Amino acid sequence: MQKNSGNRPLAHTSGKNKKAKEKFLWLWRKLTNYITTPYLKA
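Quick note: the sequence shown uses the UniProt record's numbering, first residue 1, plus one each step.
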């Protein structure tokens with residue numbers, strides 16, 4: 001874990017993480033909407 005702490009391509013990984021985060025948040029919203037909608041309608 002400490003071995004590769006010095007050589008991280010920050011720009012590359014942060015861009016990748018941002019895309020993954022956006023996709024995750026989109027899926028999370030979809031999921032929460034799917035779960036909460038029946039309760040709101042009832």
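We put the beta carbon where it would ideally sit given N, CA and C, even for glycine.
What you are looking at is a predicted structure, and each value in this text was computed from that prediction instead of being measured.
Alpha carbon of residue i to alpha carbon of residue j, nearest angstrom
| i | j | result |
| --- | --- | --- |
| residue 26 | residue 41 | 22 Å |
| residue 20 | residue 14 | 10 Å |
| residue 30 | residue 22 | 12 Å |
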